[in-house]
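Peer 1:
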Amino acid sequence: MPELPEVEVVRRGLERWVAGRTVATVEVHHPRAVRRHLEGAEHFVQALTGRTLTAAHRRGKYLWLPLTEPDGAPSGRAMVAHLGMSGQLLVEKPAQPDGTHLRARFTFTDGGRELRFVDQRTFGGLAVEDADGERIPSRLAHIAIDPLDPSFDEDAFSAALRRRRTEVKRALLDQTLVGGVGNIYADESLWRARLHGTRPTDRLTRAQVADLLDGVRSVLGEALAQGGTSFDSLYVDVNGQSGYFSRFLAVYGQVDRPCPRCGTPIVRESFMNRSSYSCPQCQPRPRARRS
Ligand SMILES: [Zn+2]
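Here it is as structure tokens:
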């Protein structure tokens, strides 16, 4: 499933290739692709035809593209996209053959590259929703701002983390505290900060919280620079290219391989019905809390 850096890679592609262009035609090839557009596929098509997609924004794993009317006035709506498990937003030349799992196609009045929504497992989706100008659609407003967002508040995050009585990995995965960090980037961030995932957050020092936030930021930033992590062949950017970050993973999926810092074999432990990977030397388990 694409995590935050992968969705940000797609956002940048949309910003570069789609923003500022006016939709000529929309085809919906599968009803599930627009199931979140409650008025139905025909209404979805009408809501986009002739409108200009002005920009590409992201909150967590959602993307939204504000729309303007044919006369240039803000339409008060935006196209919202979620990639789900396997969704791809591809910018392709009209002559490029359609993929097997093409769910929707957008052509533009400039006659250039098309935008194609391809989704093998159909968990992703597109909808047109109310949005005030460039502001976030209300349905997405509750999603926490993530560390790649310019308006992320570092001090508020640190304070909120230390106030919680929970385990640090659980806190990182809590989307109301920090958006967009999934299992892979949580493990990589904890390794960078030399913290075991079961450390209690209320006993972290200010310096440890700062190290953790540095870890989250650096791992997300580097993953983004590598074009994201390719978990399988389904994750690609708008030009169909896979990311390279999987080559740089220090602990995630690296069981029995040497820790890049100290050489100790990486271990896998079960956590929240998933696997956690860590270095037993660099990230010792916390001592049991005395009550
Ligand atoms: Zn180590």
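One point on numbering: in the working numbering, the residue at position 277 of the sequence shown is 1061, and numbering is uninterrupted.
Using N, Cα and C, we set each Cβ at its ideal position, and we do this for glycine too.
Quick caveat: nothing in here was measured; it's all calculated off a predicted structure.
1. When DSSP labels each residue in this structure, what does Arg-800 get in the three-state scheme?
2. Between the stretch 853-872 and the stretch 948-959, do three or more beta carbon pairs fall short of 8 Å?
3. For the beta strand (DSSP E) holding Tyr-1061, just list the boundary residues, first then last.
4. Report yes if the C-beta of Arg-835 is less than 7 Å from at least one heavy atom of ligand 1; otherwise report no.
5. Please confirm whether any heavy atom of ligand 1 lies closer than 7 Å to the CB of Arg-1045.
6. Assuming Gly-1005 is part of the beta strand (DSSP E), what are its boundary residues?
7. Could you tell me the distance, in whole angstroms, from the CA atom of Ala-970 to the CA atom of Val-1003?
8. If we ignore side chains and look at the alpha-carbon of each, how far apart do Ser-1060 and Gly-804 end up?
9. Ends of the alpha helix (DSSP H) at Leu-945?
10. Tell me which residue opens and which closes the alpha helix (DSSP H) that Leu-974 is part of.
11. Looking at Thr-838 and Thr-852, is the spacing between their C-beta atoms short of 8 Å?
12. Contact between the stretch 1034-1043 and the stretch 816-827: three or more CB pairs below 8 Å?
13. I want to check one thing, is the minimum distance from the CB of Glu-1038 to the heavy atoms of ligand 1 below 7 Å?
14. Would you mind stating whether Gly-963 and Asp-930 have Cβ atoms separated by less than 8 Å?
15. In the DSSP output, which residue or residues are listed as bridge partners for Asp-914?
16. For Arg-1001, I'd like the list of residues in its chain whose CB is within less than 7 Å of its CB, leaving aside the five on either flank, ordered along the chain.
17. By Cβ distance, which residues of its chain are closer than 6 Å to Thr-891, with the 5 residues on each side in sequence left out?
18. Expressed to the nearest angstrom, what Euclidean distance is found between the alpha-carbon atoms of Phe-1029 and Asp-855?
19. Would you mind reading off the limits of the alpha helix (DSSP H) that contains Leu-956?
20. Express the C-alpha separation of Pro-858 and Leu-910 in angstroms, rounding to a whole number.
21. Out of Ala-840, Arg-1069 and Leu-1033, which one is the CA nearest neighbour of Val-952?
22. Compare the beta carbon distance of Arg-946 and Thr-985 with 8 Å and say whether it is the shorter of the two.
23. If you follow the alpha helix (DSSP H) that Gln-830 is in, where does it begin and where does it stop?
24. Any heavy atom of ligand 1 closer than 7 Å to the beta-carbon of Thr-1048?
Peer 2: According to the structure data:
1. helix
2. no
3. 1058-1062
4. no
5. Yes.
6. Note, Gly-1005: premise wrong, no beta strand (DSSP E); alpha helix (DSSP H) at 990-1009.
7. 9 Å
8. Ser-1060 and Gly-804: Cα-Cα distance of roughly 43 Å.
9. 938-947
10. 967-976
11. yes
12. no
13. Glu is not the amino acid found at residue 1038; the sequence shown has Gln there. No; taking the cut-off as 7 Å, the Cβ of Gln-1038 has no heavy atom of ligand 1 nearer than that.
14. yes
15. Beta-bridge pairing links Asp-914 to Arg-861.
16. Pro-931
17. Ala-808, Thr-809 and Glu-898
18. 43 Å
19. 952-957
20. 20 Å
21. Arg-1069
22. Contact: yes.
23. 825-832
24. yes
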